[in-house]
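Heads up: the structure comes next, in C-alpha cells.
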Amino acid sequence: MAQPSHAWRGVIEHYRARVDITRAISPITLLEGNTPLIPAPRLATALAQGKTEFELFIKFEAGNPTGSFKDRGMTAAITQAVADGAQTVICASTGNTAASAAAYAARAGIKCVVLVPDGKIAAGKLAGALAYGAQVIAINGNFDDGLRMVKQASERAPIALVNSINPARVQGQKTASFELIDTLGDAPDWLCLPVGNAGNITSYWLGFVEYHRDGLATKLPRLLGAQAAGSAPIVLGHIVEHPETIATAIRIGNPARWREAVQALDDSGGHITAVSDEEILACYKTVSRTEGIFCEPSSAAGLAGIAQGVREGWAELEGKRVVCVLTGHGLKDPDTAIKGTVPPITIEPNIEALLKVID
Ligand code: AN7
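If you read the sequence shown in my numbering, its first letter stands for residue 1314, the second for the next number, and so on.
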C-alpha cells in the first residue's frame, strides 16, 4: 500500500539529495529520525546555577526506533551493505550500536554478529540485540578490543563492518544537524553532546558545514563535547588502555574518529571536557526530574559538560541558544536508574495504609 504523501519516510528518503549512499535499492528503514526538539527551560535554569541565562533545547534521540541516535547511521550502513550484497554484518559495541545493527539487519533479513564487552553493557541494550535476533558475543575485553577484532573479521571473511568507521554511517548520522536547522530555522550557538567513538560529533559537524555551505544556515555552532573522566582519550591527548565509567556507552579508550573530532572541535571554536561519573549522575537525575525527559547516563555527559563549563566559567552561554543531544533512552539502563533512587515502599491494600504514607 502506498504511504500517504505527508508520512515521514526515514532519514535517507527525507534527505535524499544529501545522504551519499547507494541508490541501488530502496532504503532499509524503520522510519528513524524526525526526533523531538524539546525546549527545556527548567533544566536550563538548573544548569545555569544562577550565573548565566541561556535558551536550551533537547534533541531527544531516544525517540528513534531502537531508542538511540545510532539508527540514523545504521539505516544508511545496512542499506549500503545489502546493496553491496552482504549476507552478514558485524560490529563491536558498547550496546546501542549492537541493538541498532541487530534491528536493521532483521529488517533486511540478513545476519548480524555483535561483540560487546562482557558485563559492561546495559541490560536494555543486550535485551534489544538479543530480541532482534543478533548473535551476541561477549568478549573478555573492552570496546577497543572488539573494534580491532571486527575489523580483522571483515577483512578475512565476507562480512560487512557497520561500525562508524563505515562512511555510510556518517552519511546517515549527519541528518540530525539538518533536522536541527530545519526546526530552529538556523544553527544553534552551541551543540553539546557526549563523545565516545567520536562518530556522532564528526557527523553533526559535517551536517552543519554542509547546510551552512549551501546557505541553509547563517552560522555554524560551537561544539561542546564531553567525555567521561575515566575514558577521556581526546581530552587527555592519549589512548586510555583501561577505560572506566558508569556511562558504559562511552567507555572507549581509542576513538575511531579521533582525528575528525579534534578537527571539528577546532574548526567550530569548540571545547571538549572530561566530566566525572558524579557530575554525569547528577545531571542524569536533574534532566528527568526537571523536564520529564529520561536519558541514559552517557547522554547526560553533555549536560554535565554544560554544568561544568558554567561552574568553571569557560562556557560562554549568556543569551545563547544551546542544543544538547540526548543520545539514548533511560530505559536502556534500568539498573543505574533504579540504583539511584529510593525503592518503593510496600503497604497493605487499604486506604488507611495509603493515606498514612503519602507525603
Ligand atoms: C548513548 O554503541 O559506541 O562518540 O558501540 O551509545 O559517536 O561513539 C555508543 C556510543 C553517546 C557516543 N551516547 O557516541 C556503541 C557506541 C550514547 C552512546 C555515544 C554512544 P560516539
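Glycine included, each C-beta is placed from N, C-alpha and C at the ideal position.
The structure presented is a predicted model; accordingly, all values stated were derived computationally and were not measured.
Determine whether the beta carbon atoms of residue i and residue j lie at a separation below 8 Å.
i       : j       : result
Ile1559 : Thr1496 : no
Arg1341 : Arg1420 : Rather than Arg, the amino acid found at residue 1341 in this sequence is Ile. Yes, Cβ-Cβ distance for Ile1341 and Arg1420 is below 8 Å.
Ala1511 : Ile1552 : no
Ile1391 : Phe1370 : no
Ala1574 : Ile1593 : no
Ile1434 : Gly1408 : yes
Gly1398 : Ala1415 : no
Ala1542 : Val1508 : no
Ala1530 : Ala1481 : no
Gly1520 : Ser1490 : yes
Leu1279 : Leu1493 : The chain is shown only over 1314 to 1672; residue 1279 falls outside these bounds and no answer can be derived.
Pro1610 : Asn1455 : no
Ala1375 : Ile1325 : no
Ala1447 : Ala1411 : yes
Lys1633 : Phe1367 : yes
Gly1386 : Ser1467 : no
Val1623 : Ala1357 : no
Ala1451 : Ala1539 : no
Leu1688 : Ile1660 : Coverage of the chain is limited to positions 1314 through 1672, which leaves residue 1688 absent and any answer about it impossible.
Cys1608 : Gly1643 : yes
Run through DSSP, which three-state label would residue i get?
i       : result
Val1635 : strand
Ile1371 : strand
Ala1628 : coil
Val1483 : helix
Gln1448 : strand
Ser1406 : coil
Gln1465 : helix
Pro1610 : helix
Thr1599 : helix
Gly1459 : helix
Ile1619 : helix
Gly1437 : helix
Val1332 : coil
Gln1362 : coil
Val1655 : coil
Ser1589 : coil
Leu1594 : helix
Val1395 : helix
Gly1346 : coil
Quick check on the DSSP output: the beta strand (DSSP E) that includes residue i runs from which residue to which?
i       : result
His1327 : Here His1327 belongs to no beta strand (DSSP E); instead the alpha helix (DSSP H) covers 1324-1327.
Trp1503 : 1503-1507
Arg1535 : 1535-1541
With DSSP as the reference, please indicate the residues paired to residue i in a beta bridge.
i       : result
Ile1351 : Ile1371
Thr1401 : Lys1424
His1584 : Leu1537
His1642 : Cys1608
Pro1430 : Ile1452
Ile1474 : This sequence places Leu at residue 1474; Ile is not what is there. According to DSSP, which records beta bridges pairwise, Leu1474 is partnered with Ile1403.
Ser1339 : Its beta-bridge partners do not exist; DSSP assigns none.
Ser1381 : Gly1641
I need the boundaries of the alpha helix (DSSP H) containing residue i, first residue and last residue.
i       : result
His1525 : 1512-1526
Ile1547 : 1546-1549
Ala1577 : 1571-1581
Ser1318 : First-last for Ser1318: undefined, no H or E at that position.
Ala1650 : 1647-1652
Val1670 : 1664-1670
Asn1499 : Per the sequence presented here, residue 1499 reads as Asp, with Asn not at that position. Taken as a continuous stretch (DSSP letters only), Asp1499 belongs to no alpha helix (DSSP H), as it is neither H nor E.
So does residue i have its beta carbon nearer than 7 Å to some heavy atom of the ligand ADP?
i       : result
Thr1640 : The model on display carries the ligand AN7 but not the ligand ADP.
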